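Q:
There are 2 protein chains.
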Amino acid sequence: MSSVKTPPTIRTVAARAEVSVATVSRVVNGLAPPHSPATQRVREAIKELGFRPNRLGRGLKTARSSTIGLVIPSLANPVFAGSVQGVQAAARAAGYGVLLTATNYDKGEEAGAVETLLSHYVDGLILTVAKSDDSELLDALDEREVPYVLVYNQPSVRHRAAVTVDNVAAAREVVELLKSYGHDRIGMVAGQFCDSDRARLRWLGYDDAMLRAGLEPDPVIEVAFEATDLTQEIRDALSVPEPPTALFCSTDLIAVAVMGAATRLGLEVPRDLSVVGFDGIAMTAALRPQLTTIVQPTETMGREAFALLAKLMASGEEAESLRAPTLLSHSLRRGETVGPVRTGRPKLPPPV
Amino acid sequence: MSSVKTPPTIRTVAARAEVSVATVSRVVNGLAPPHSPATQRVREAIKELGFRPNRLGRGLKTARSSTIGLVIPSLANPVFAGSVQGVQAAARAAGYGVLLTATNYDKGEEAGAVETLLSHYVDGLILTVAKSDDSELLDALDEREVPYVLVYNQPSVRHRAAVTVDNVAAAREVVELLKSYGHDRIGMVAGQFCDSDRARLRWLGYDDAMLRAGLEPDPVIEVAFEATDLTQEIRDALSVPEPPTALFCSTDLIAVAVMGAATRLGLEVPRDLSVVGFDGIAMTAALRPQLTTIVQPTETMGREAFALLAKLMASGEEAESLRAPTLLSHSLRRGETVGPVRTGRPKLPPPV
DNA sequence: CTGAAAGCGCTTACAG
DNA sequence: CTGAAAGCGCTTACAG
């Protein structure tokens, strides 16, 4: 019932060139003598008929689909769009197709997505999951020996291939930056830890840096990743006796929401409140004030992830050495959302 | 050489359940009697072995891959990320996989991407291309009878399935809005027409509305889509005897770049210059001032595109009626970047 | 209701 | 250097 005209097959080409299908296959795969008359005729026939080898047939025989699966939480966050772009570009250059699935931060969807991808016989997977340490899903992939590479996730177990940044170190840098501006009451707003091991590592870095600096870490303000209105949460966080003068946010999207909340509460950033993000989303550089944030090399991360996966797919089980987190370098973008501590306490409007 | 453990096949299941492979196939496809003992045994065997039908095998037989191809210019623009999200969600719900390719606004890449996707035997395509009217690529798809649906493109030829908004009408609304604020010198900044038929249609709407209102349209200021620094272009546009007091930008990303340029030129938006975008990217609502723009229902567009493609794939050639542009409704977000005309002319800094 | 068999488009030992 | 043949994992008329 498909409306696609039936395309030429290897048999059509063989008939036209008056050779066997085996010869056509060899020409297509570069295993034929380059100058024999048969090869020439096959080349012509291929061109005339517009023949393109059917990857299903090939895949069935070779048990490889030339396709990888890509699993991300959401495309609504440009940070993932960046890695997808990188994976896609590298995969295409290597002749691989990319099957994309978004899980919307839902753990059940993660497993479902992987099942679907495996039923399409992808040769490997690149994924960003909620937790990478203690994950039934990844355990299952390990057991089934499906090659995979994590992106953004930073597993502490050593046998998992991953491409990410040093989340702990980056978070420490943020605390040090804020401290250098005189802040000593620094809070952290983070995506729910259950949905993100990155968020947890960034908190670890924050916590560690605070303790080292002799400062007291605040309890984390956990928020949903999709939350856009954080007015209530920020008001609560600032309504304690000694409120924080700076907030480190575990993602740029959260930082943007925090800045919106600050505005609605009548606070000016950075005069009344300093804000730092994490990710380096391009458009946050266009905000006024420009967001201060940790920049991750998103597209490079995607490219590197594919390169690593390609090695894994080629080398099979013996590639133990590849199965470890790769840390790419991040950078700190000094925007305009961090300023010196304000003397005196800003007045919040009364709650609604 | 793949490291994937060989998964159970239909034959493994058949052996375990002591039935023929035909029976297993029927159970998997819901064509077996639901309560027969054989069916029961097959169900158990499937569960015990964790059997998942190999789509390559199925696809080879049925000539359908349960996969569609998705071609977009770039994921760096969140407007495309939105439609991808919608397509992906709808496709997954229908049991389809989505092969994604970005072309980076390159026409050669468009053709290459489609070739690659077709070699993966996708059942249909959803694409956003540079031009949808006069396109060799689309002509070729028509001829080969590959089902496809365009997104964002708004073809004027009637036989192409597309899901978009009424770009001309939306652009007219923008001009009317600006006029209601007293602007009568309105310029337009657009992505290069050769790279985007949308940009051209938005210009047509602008031109038409200007003429109707008795105003004189300015020559369009064409810029590259990826351009982030438009300082020079905007300075030039404002250095004429009667400079525009408002700029309509053909995309939000361009509007953001224009706002950046305005800031660098010492102009305040909207006091010295009103700016309007087109797309409705979420983060532009977080800008200060918040961007006034046309909001497109990006995710819905993606979902509708898949729904339309599904019909097309099911019905084959006779579905002539489906092959026409579908226009979804857009809305105008009244942000803070449009204000009344300033009396007197803002002073630009001297060129560098 | 179930099975034996053909065949989808390829690749790849195995002969020659 | 080339071909005949088997087989990858499925589906689907065709018998029974």
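Chains A and B, in that order, are what the protein sequence lines are.
One gets our numbering by counting positions in the first sequence from 1 and adding 1 to each.
One gets our numbering by counting positions in the second sequence from 1 and adding 1 to each.
Just so you know, even glycine gets a beta-carbon here, dropped at the ideal spot from N, CA and C.
No experiment lies behind these values; they were computed from the predicted model shown.
Less than 7 angstroms between C-beta atoms, sequence neighbours within five positions excluded: which residues of the same chain meet that for cysteine 250 of chain A?
A: Hits under 7 angstroms: Val190, Ala256, Val259, Val276, Val277, Gly278, Phe279.
Q: Going by Cα to Cα distance, which pick from A:Pro8, A:Thr7, A:Pro54 is closest to serine 23 of chain A?
A: Per the sequence presented here, residue 23 of chain A reads as alanine, with serine not at that position. Nearest of A:Pro8, A:Thr7, A:Pro54 to alanine 23 of chain A, Cα basis: A:Pro54.
Q: What residue range does the beta strand (DSSP E) around phenylalanine 52 of chain A cover?
A: Here phenylalanine 52 of chain A belongs to no beta strand (DSSP E), and DSSP marks it neither H nor E.
Q: Sorted by chain position, which residues of the same chain lie with C-beta nearer than 6 angstroms to histidine 184 of chain B's C-beta, five sequence neighbours on each side aside?
A: These residues qualify, in order along the chain: Thr246, Ala247, Val342.
Q: Is the beta carbon of aspartate 198 of chain A closer than 8 angstroms to that of serine 120 of chain A?
A: Contact flag unset, no.
Q: When the Cα of glutamate 49 of chain B is compared with those of B:Gly87, B:Pro9, B:Val85, B:Arg65, which residue comes out closest?
A: Minimum Cα distance to glutamate 49 of chain B is reached at B:Pro9.
Q: Using a beta-carbon distance below 8 angstroms, is arginine 56 of chain A in contact with chain B?
A: It does: the Cβ of arginine 56 of chain A has a partner Cβ on chain B nearer than 8 angstroms.
Q: Which residue spans inside the segment 247-279 of chain A form an unbroken beta strand (DSSP E) run of at least 3?
A: Whole beta strand (DSSP E) segments, 3+ residues: 247-250.
Q: Whose C-beta lies closer than 8 angstroms to the C-beta of valine 20 of chain A among residues of the same chain, with five residues either side of it excluded?
A: Here the set comprises Ala39, Arg42, Val43.
Q: Quick one: which residues of the segment 265-295 of chain A get their C-beta closer than 7 angstroms to a C-beta of chain B? List them in chain order.
A: If the cut-off is 7 angstroms between Cβ atoms, the segment 265-295 of chain A has Met284, Ala287, Leu288, Arg289 near chain B.
Q: Identify each residue in the segment 36-47 of chain A for which the Cβ-Cβ distance to at least one residue of chain B is less than 9 angstroms, and report them in chain order.
A: Correct list: empty, as no residue qualifies.
Q: Excluding sequence positions up to five away, which residues of its chain have a Cβ less than 7 angstroms from the Cβ of serine 3 of chain B?
A: Note that serine 3 of chain B scores a pLDDT of 38, beneath 50, so its modelled location is shaky; the value from the coordinates is reported in the next line. Result list for serine 3 of chain B: empty, nothing under 7 angstroms.
Q: Would you tell me roughly how many angstroms separate the C-alpha atoms of glutamine 155 of chain B and threonine 165 of chain B, rounded to the nearest one?
A: C-alpha separation (whole angstroms): 6 angstroms.
Q: With a threshold of 8 angstroms between beta carbons, is serine 3 of chain B in contact with chain A?
A: Confidence in serine 3 of chain B is poor, its pLDDT being 38 and thus under 50, which makes the residue's placement unreliable; the coordinate value appears in the next sentence. Taking Cβ atoms only, chain A reaches closer than 8 angstroms to serine 3 of chain B, which makes this a yes.
Q: How long is the line joining the alpha carbons of leucine 231 of chain A and alanine 262 of chain A, rounded to whole angstroms?
A: Taking the straight line joining both Cα atoms gives about 6 angstroms.
Q: Here's a check: name, in chain order, each residue in its chain whose Cβ is nearer than 7 angstroms to the Cβ of threonine 68 of chain B, leaving out the five neighbours to either side.
A: Tyr97, Gly98, Leu100, His121, Val123, Asp124, listed in sequence order.
Q: Taking 8 angstroms as the cut-off, decide whether the C-beta atoms of leucine 142 of chain A and tyrosine 149 of chain A are in contact.
A: Yes; because the gap between Cβ atoms is below 8 angstroms, this pair is in contact.
Q: Just to confirm, are valine 25 of chain B and phenylalanine 307 of chain B a CB contact at a threshold of 8 angstroms?
A: Not a contact, by the Cβ cut-off of 8 angstroms.
Q: Spatial neighbours of glycine 60 of chain B within its chain, please: C-beta separation below 6 angstroms, excluding the five flanking residues on both sides.
A: Taken in chain order, the residues that qualify are Ser66.
Q: Whose C-beta lies closer than 7 angstroms to the C-beta of arginine 335 of chain B among residues of the same chain, with five residues either side of it excluded?
A: Taken in chain order, the residues that qualify are Thr293.
Q: Straight-line CA distance for alanine 172 of chain B to tryptophan 204 of chain B?
A: Cα to Cα, alanine 172 of chain B sits roughly 7 angstroms from tryptophan 204 of chain B.
Q: Identify which residue in B:Glu243, B:Ser75, B:Ile11, B:Ile222 has its Cα closest to the Cα of glycine 51 of chain B.
A: Ranking B:Glu243, B:Ser75, B:Ile11, B:Ile222 by Cα distance to glycine 51 of chain B puts B:Ile11 first.
Q: Using the rule of at least 16 other Cβ atoms within 10 Å of the residue's Cβ for burial, across every protein chain shown, is glutamate 217 of chain B buried or exposed?
A: Result: exposed.
Q: Under the assumption that glycine 206 of chain A contacts asparagine 168 of chain A (Cβ atoms under 8 angstroms), give the Cβ distance between them as a whole number of angstroms.
A: Yes, glycine 206 of chain A and asparagine 168 of chain A are in contact; Cβ-Cβ is about 6 angstroms, under 8 angstroms.
Q: If we define contact as Cβ-Cβ less than 8 angstroms, is serine 251 of chain A a contact residue for chain B?
A: It does not; no Cβ of chain B falls within 8 angstroms.
Q: To the nearest angstrom, report how far apart arginine 56 of chain A and arginine 27 of chain A are at their CA atoms.
A: So the alpha carbons of these two residues sit roughly 15 angstroms apart.
Q: What are the complete alpha helix (DSSP H) segments, minimum 4 residues, inside the segment 171-229 of chain A?
A: For the segment 171-229 of chain A, whole alpha helix (DSSP H) runs of length 4 or above, ordered along the chain, are 198-213.
Q: What residues in the segment 80-103 of chain A have a beta carbon less than 7 angstroms from any beta carbon of chain B?
A: Those would be Ala82, Val85, Gln86, Gln89, Arg93, Gly98, Val99, Leu100, Leu101, Thr102, Ala103, in chain order.
Q: Report, in whole angstroms, the separation of the C-beta atoms of alanine 112 of chain A and leucine 138 of chain A, which I expect to be a contact under 8 angstroms.
A: Yes, they are in contact, since the Cβ atoms of alanine 112 of chain A and leucine 138 of chain A sit about 5 angstroms apart, within 8 angstroms.
Q: Quick one: using the 10 Å Cβ neighbour count with 16 as the cut-off for buried, is valine 14 of chain B buried or exposed?
A: That one is buried.
Q: Per DSSP, what kind of secondary structure is serine 332 of chain A in: helix, strand or coil?
A: The answer is strand: DSSP assigns serine 332 of chain A an E or B state.
Q: For the segment 60-145 of chain B, list the alpha helix (DSSP H) runs that are entirely contained and at least 4 residues long, ordered along the chain.
A: DSSP runs (the alpha helix (DSSP H)) wholly in the segment 60-145 of chain B: 79-94, 108-120, 137-145.
Q: For serine 26 of chain B, go through chain A and note every residue whose CB falls closer than 9 angstroms to its CB, in chain order.
A: Going along chain A, no residue has its Cβ under 9 angstroms from serine 26 of chain B, so there is no contact; the nearest lies around 15 angstroms.
Q: Over the uninterrupted alpha helix (DSSP H) stretch that includes threonine 294 of chain B, give me the two end residues.
A: Premise fails: threonine 294 of chain B lies in the beta strand (DSSP E), 293-296, not in any alpha helix (DSSP H).
Q: Below 7 angstroms on C-beta distance, what does leucine 61 of chain B contact in chain A?
A: Neighbours of leucine 61 of chain B on chain A, chain order: Leu57, Gly58, Leu61.
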